[in-house]
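What follows is a single structure, written as structure tokens, with notes after it.
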Amino acid sequence: MRLSTLTLLTLTALAANEFLNPATAAPKLTSGSNPVGDTENLVDKIDIEISQVELTPTVGTPETWSRPELAEDSSLTTDEVVFIASASPSLSLAQVSPSVANSEFGYTIILLNTLLLISTLSPTLTLMFFWLVRRLVIRELVSETNKRLDKLDGLESQLKKSHYQSKKLVKDLEMQLKVAQKSIHFLRKEVEASQVSIQELENLKLQYLRQVQQMMVELQNYKNQAMEQVNTPALPVSAPPISKPISKSPSNHDNHELRLPPKHPHTSQPLIADDFLKKGEALINERQYKQAIASCDRALEINPDLDEAWYQKGNALVQLKQYSEALECYDRTLKIQPKRSDAWYNRGNVLVRLKRYSQALSAYNQALKIQPNDYAAWHNRGALLRKFQKYEQALESYDRAIKLEANHYETWHNRGNVLSQLKRYQEAISSYDRAIQINPGQFDIWANRGMALCHINQYSEALSCYEQAISLNSKEPELWISQGGVLVKLARHEEAVICYDRAISLKSDSYEAWMGRGEILTALKQYEQALANWDRVIALQPDAYQAWCQRGICLEKLERHDDAIACFDTAIALKPDHAESWRHRGALLSRLKKYQEAIASLGKAISIQKELRNGKKAANSSQSIGDNNGFSPVPA
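Letter 201 of the sequence shown, counting from 1, is numbered 243 in our numbering, and no numbers are missing.
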């Protein structure tokens, strides 16, 4: 039997203890006593009963504990807990054989004594024994350690493998994501192409329906004429000339006058009219508009009720800017086919060219009733409503157009202009930004964005917008004038004068540029140059009361008092409620010690300003560049 190191050490210690203390006889066991100590090895399970020692012999309800403990001292007080160990089942002397116990105990004593004797008589063998035991223990430890290290190495390799697999999985996911993005982009293109195809199919469907309807009309005409021929006797038709005349004999009744069968006027007309119509459409595509009109006229001579011929003729006339004649063609088209939305739309465009805006708006509304998803009709409707200053309705039209097609910068630009009119400048700037994102090369969008920024006093950003607009179109004087105004707000007067000079070089009769330049020169106290500037403004616009007032201020600074008062009087004559002219006139008269007239002038200035504060005189609201100067696209 192989014993472990711990067992050998234990046996050695017991042998030494037995050698020092002789063995004593085992105590006698009685049936009524509770065994303690060695009897624990013979008991499978111990039930512990806990009771509180009281003065009375009453014993409490027992509790079962998981780990029984035995009391070492039998002398306990009433405050201590008593642990009573009882063997279950109880053992009697009859169940234990004394000879067997003595024999096993004797063998153990002999073994221990033998080991002790060997260790005492031969220390070398004992040392070798313990050395061997030590080596065995070390080998076991090394073996166990190697096993654990092997497990750690395996775990490390698994971690490395899982890390590599995770990286590979990430790369695979990235590749799949890129493929998915490409697929989405491809699907979007396919959807757009499908939408275009659907629109083309709708157009073909409309053309087919028109042709079918035209054929039904012609068939009905043919039936009506056939009924007329049945009810009406045929009329003789003169024969074409022949080489020999046919002689008539009154006695010969078999010889009759030569007659031809009646020719139906519409038998071959649809095909011929359609040929001329197709030729006219091809000529329009080649921009040969006069020849196209002639082909359409030829088709209409054959079939006056061919609505497509009237429509194409109107389109050709629009290209030649013959708007009144084009309007008549569209009216004839709609008289034949009143449900043609394209004819209503083009009719609205022609009415815009003729400046009949109310009728044009009605035409666009009619087109949208027939075709509610017409982007261009919603866009042009918004432009007309903006012209009528119905800004909320115009904004709704632009929003509907953007919902249908959001990639047109014109709609975003015009929407920004409407929001500026509604003084919703932040939203207007966002709309301009979207237009710039689609087409950053339009200078008018940058200019209108700069104006919106000026309204919220963000002059530095506005200056950047005007600089960008000028970089795109440096030949527009309005841009230089607007940039000069922003530089004045930033107190950069010398640069502002340069901007006004550049505008004047582009347009020498620019009233706004001369006005801005004169105000800066007056503010810089360059009165001689400012006076010459105001003379130029008055030459351009003699009824400019602001110029007369500013000219009077310069003359006052140059000590030409009489001329200054004359200028103030002229300004007041042009605009009697101009408070600034009254105020400067009163101040100058006070300096000249003409107090009565001065008090009257100053009192007039105060009363005008009071009326303005009370709201009796409303200030004119500023408009965006797109509205004032035609920067916004005109409906085509």
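Built from N, CA and C at the ideal position, the CB exists for glycine as well.
Neighbourhood of residue i by C-beta distance below 6 Å, restricted to the same chain and skipping five residues each side
i: residue 383; result: 409, 412, 413
i: residue 390; result: 402, 405, 406
i: residue 623; result: 591, 610, 613, 614
i: residue 65; result: Residue confidence is low: residue 65 scores 42 on pLDDT, short of 50, so the model does not pin down where it sits. No coordinate-derived value is stated.
i: residue 650; result: 619, 621
i: residue 307; result: Any reading at residue 307 is ruled out, since the residue's pLDDT is 39, under 50, leaving its predicted position unreliable.
i: residue 616; result: 585, 587
i: residue 554; result: 523
i: residue 504; result: 492, 495, 496, 528
i: residue 545; result: 519, 522, 523, 552, 555
i: residue 511; result: 485, 488, 489, 521
i: residue 442; result: 420
i: residue 628; result: 640, 643, 644
Residue i in three-state terms, based on DSSP
i: residue 500; result: coil
i: residue 199; result: helix
i: residue 421; result: helix
i: residue 346; result: coil
i: residue 217; result: helix
i: residue 684; result: Limits of the chain in this structure are 43 at one end and 678 at the other, which puts residue 684 out of reach.
i: residue 585; result: coil
i: residue 601; result: coil
i: residue 560; result: helix
i: residue 449; result: coil
i: residue 328; result: coil
i: residue 517; result: coil
i: residue 455; result: helix
i: residue 430; result: coil
i: residue 189; result: helix
i: residue 464; result: coil
i: residue 482; result: coil
i: residue 165; result: helix
i: residue 340; result: helix
i: residue 568; result: coil
i: residue 578; result: helix
i: residue 617; result: coil
i: residue 398; result: coil
i: residue 121; result: At residue 121 the pLDDT is 38, less than 50, meaning the model places this residue with poor confidence and gives no usable figure here.
CB contact below 8 Å: residue i versus chain B
i: residue 550; result: Annotation note: the requested chain B is absent from the structure, which comprises a single protein chain.
Contacts around residue i, its chain only, beta-carbon distance under 8 Å, and the 5 residues preceding and following it disregarded
i: residue 575; result: 556, 559, 560, 563
i: residue 319; result: 337, 338, 341, 348, 350, 351, 354
i: residue 365; result: 359, 392, 395, 396
i: residue 480; result: 449, 450, 451, 454
i: residue 599; result: 567, 569
i: residue 580; result: 586, 589, 590, 593
i: residue 310; result: Any reading at residue 310 must be qualified, since the residue scores a pLDDT of 42, below 50, and its modelled position is unreliable; the value itself is stated next. Excluding residues within five positions, none has a Cβ falling inside 8 Å.
Boundaries (first-last residue) of the alpha helix (DSSP H) holding residue i
i: residue 350; result: 349–361
i: residue 652; result: 637–655
i: residue 532; result: Run containing residue 532: none; DSSP gives neither H nor E here.
i: residue 631; result: 621–633
i: residue 551; result: Premise fails: residue 551 is in no alpha helix (DSSP H) and is neither H nor E.
i: residue 393; result: 383–395
i: residue 377; result: 365–378
Neighbourhood of residue i by C-beta distance below 7 Å, restricted to the same chain and skipping five residues each side
i: residue 527; result: 558
i: residue 131; result: Because residue 131 carries a pLDDT of 38, less than 50, the predicted location of this residue cannot be relied on, and no value is offered for it.
i: residue 537; result: 529
i: residue 634; result: 603
Stretch pair the stretch 242–250 + the stretch 332–345: three plus CB contacts closer than 8 Å: no
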